[in-house]
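In mature numbering (1 follows the signal peptide of the UniProt record, and there is no 0), the protein residues as written are -25 to -1, 1 to 201. Where a beta carbon is used, it is the ideal one built from N, C-alpha and C, also for glycine. Bear in mind that the values here come from a model prediction, so they are computed numbers and not experimental data. Beneath this line is the structure, given in C-alpha cells, with notes to follow.
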C-alpha cells in the first residue's frame, strides 16, 4: 500500500494564520502603519489618507494592495502547478525570503520598498493554502473566518451534527492563532525591534525542513513497496 504526501493540514493552517497575524502587527508598528495581510484595513487607511492628504502613507498602502492582488493573480495562472503538494509548499519561499531580508533592513529604508513584498508573498500564500479537507479558510482576513465560525456553531446548535462542531472549533483555532500571532509580535518588538520578523522566517523554514523529511520518507516507502 502506498502512502500519500499532503501539504494541507489543520495544524499548518493555524501556523500560517499565526504568521499572518504576526506580520500584520509587525508592518503596522514598525513599517509605517500598513497591514501586510489585512487588505480590508488598508482600504480604510487608504481612504482616510486620501482625505487627509497623507500622500506618503497612501503610496505604501496602495502598493501593498496591488502587490497582494498580483500574488493572487500569479498563483491563479499557475494553479496547475500548486495542485502538486511539493510545488504548493515551495510557494512559502517568497514569504520566508521577505521576512528574512526585512529583518536586516534599517528603518531608513522606505516602507514602499518593503511592505509591498509582504503583500505579494502573502497573496501567493493565500491562494496556495485556502482549504483543509472540506474547510475553506483565509489566513489573512478574519472577517470571513468569524462569519464561518458563528455559522458553524449555529448549525451545530440547530442540527446537532458533530461535523459542524468540528468546523467551528477549527475556525475558532484559526482566529485564536491570528490574535496570538499579533500579540506575540507586538510584545517581541519591544525587545528586538525590526529584527522581530525573523521569527516568521525561522518558523516557516523549520516547517519546510520537517515537511521535506516527511516527503522523502513517503517517497522511499513507496519505492520499497512498488
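For residue -18, the CB contacts under 7 Å within the same chain, skipping 5 residues up- and downstream, are 104, 106, 107 in chain order.
Boundaries cannot be given for residue 81, as no alpha helix (DSSP H) includes it and DSSP labels it neither H nor E. Here residue 61 is actually not in contact with residue 185; their C-beta atoms are around 14 Å apart, not less than 8 Å. The beta carbons of residue 21 and residue 33 sit closer together than 7 Å. Counted as a single uninterrupted DSSP element, the alpha helix (DSSP H) harbouring residue 1 occupies residues -16 to 5. Sorting 4, 187, -8, 179 by C-alpha distance to the C-alpha of residue 90 places 4 at the top. Under DSSP, residue 110 forms a beta bridge with 107. Rounded to the nearest whole angstrom, the C-alpha separation of residue 138 and residue -13 is 18 Å. When secondary structure is reduced to three states using DSSP, residue 96 falls in the helix class. As the crow flies, the alpha-carbon of residue 142 is around 42 Å from that of residue 81.
Taking the Cβ atoms as the reference, residue 13 lies roughly 21 Å from residue 145, outside the contact range of under 8 Å.
For residue 130, the enclosing alpha helix (DSSP H) begins and ends at 117 to 134.
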